[in-house]
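Peer 1: Starting off with a structure, shown below.
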Amino acid sequence: MPRQGTGPDFIEALARGLDVITAFEPRRPVMSLAQVAEATGLARPTARRILLTLRELGYVRVEDGGYALTPRVLDLGVSYVRSMGLWDVARPHMERLVERTNESCSIAQLDGSDIVYVARVSVPKIVALAVQIGTRFPALQTSLGKVQLAALDPEEVDRILAEPSRSGLEPRVHLSKEERDAELREVRARGWAMTDEQLARGIRSVAAPLRDGSGRVIAGINVNTHAAETPVERLVEEYLPLLLHTAGEISADFARLETVPHVTRPAAG
Numbered sequence: 001m002p003r004q005g006t007g008p009d010f011i012e013a014l015a016r017g018l019d020v021i022t023a024f025e026p027r028r029p030v031m032s033l034a035q036v037a038e039a040t041g042l043a044r045p046t047a048r049r050i051l052l053t054l055r056e057l058g059y060v061r062v063e064d065g066g067y068a069l070t071p072r073v074l075d076l077g078v079s080y081v082r083s084m085g086l087w088d089v090a091r092p093h094m095e096r097l098v099e100r101t102n103e104s105c106s107i108a109q110l111d112g113s114d115i116v117y118v119a120r121v122s123v124p125k126i127v128a129l130a131v132q133i134g135t136r137f138p139a140l141q142t143s144l145g146k147v148q149l150a151a152l153d154p155e156e157v158d159r160i161l162a163e164p165s166r167s168g169l170e171p172r173v174h175l176s177k178e179e180r181d182a183e184l185r186e187v188r189a190r191g192w193a194m195t196d197e198q199l200a201r202g203i204r205s206v207a208a209p210l211r212d213g214s215g216r217v218i219a220g221i222n223v224n225t226h227a228a229e230t231p232v233e234r235l236v237e238e239y240l241p242l243l244l245h246t247a248g249e250i251s252a253d254f255a256r257l258e259t260v261p262h263v264t265r266p267a268a269g
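In UniProt numbering, the protein residues as written are 1 to 269.
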């Protein structure tokens, strides 16, 4: 259904435009006008005007008798990452960690009941988790999600996990509230999280929190492995100490970045 605003400052046209952009999914990269209207709950004339506007702005193109997103849409997410400064801070540390473990390393942040990947340094593997910037997974079944959920109040965790996942992935393991709360307490106490094939068969990972200068958890960083190649003992005894060190370095660098004054220069003339 079209979005309904909650206040006088709500811009319905902007919300509708974002709804059209997010209606495109991997299983339907090209959609007709009728499909876009149906997916968003918009009237066809409204959907058409939005699509034509997005086309003029370069976010949508006509393809195979329908409409498809263009790579320019990535600018919206990249702007977010750049505004955080997280990628610039994390990249050299992630690259060193990957060199030492020969395993992929990712950073993700919470978005509702999902995590969204915002940075990644990958290692080619015969069997690997299909991840790219913007990929979503259910937070509770990932190590990256657990370290961030563990930093929240229980009431906030309940509220977040009550939201439906938008990842489109059905996890292998579902935890009861009691199991979930017990696991998050353990993660909170030890300062890191591990998942062993909870999200998908063969996927095993360990994650640590990333913090800002005030100590607030702003993201998670992990080392991702395949269960057939990396036993739990190696993941915890060899990779985890390296990961915790890397997380500490990134957090310290990000805290230093926050202290740098940002100077705005007036426009010439």
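Using N, Cα and C, we set each Cβ at its ideal position, and we do this for glycine too.
Keep in mind the model is a prediction, meaning the values are calculated, not measured.
1. Between the C-alpha atoms of residue 306 and leucine 242, what's the straight-line distance to the nearest angstrom?
2. Cβ of methionine 94 within 9 Å of Cβ of alanine 68?
3. Give me the residue from Leu161, Ala252, Ala150, Gly134 with the minimum Cα distance to glutamate 25.
4. For aspartate 9, which three-state DSSP category applies?
5. Taking only the alpha-carbon atoms, compute the straight-line gap between leucine 244 and isoleucine 50 and give it to the nearest angstrom.
6. Among residues of its own chain, excluding the 5 on either side of alanine 13, which ones have a beta-carbon nearer than 7 Å to its beta-carbon?
7. Do the segment 177-194 and the segment 139-150 make contact, defined as three or more Cβ pairs closer than 8 Å?
8. Return helix, strand or coil for glutamine 109, following the three-state DSSP convention.
9. Suppose the cutoff is 7 Å on Cβ atoms and the five residues either side in sequence are ignored; what does the same chain contact list for proline 171 look like?
10. Verify whether the separation of the beta carbon atoms of threonine 70 and glycine 85 is less than 9 Å.
11. What does a CB cutoff of less than 6 Å around residue 284 pick up in its chain, not counting 5 residues either side in sequence?
12. Determine the contact status of asparagine 224 and serine 205, defining contact as a CB-CB distance below 9 Å.
13. Between arginine 96 and valine 116, is the Cβ-Cβ spacing less than 9 Å?
Peer 2: Short version:
1. With the chain covering 1 to 269 only, the question about residue 306 has no answer from this structure.
2. Cβ distance not < 9 Å, so methionine 94 and alanine 68 don't count as in contact.
3. Nearest of Leu161, Ala252, Ala150, Gly134 to glutamate 25, Cα basis: Gly134.
4. coil
5. 46 Å
6. Listed in chain order, the non-local C-beta contacts of alanine 13 below 7 Å within the same chain number zero, local neighbours out to five positions each way being set aside.
7. yes
8. The answer is strand: DSSP assigns glutamine 109 an E or B state.
9. Pro138, Gln141, Gln198, Leu199
10. no
11. No answer is possible for residue 284: the residues shown for the chain start at 1 and end at 269.
12. yes
13. Using a Cβ distance threshold of 9 Å, arginine 96 and valine 116 do not count as a contacting pair.
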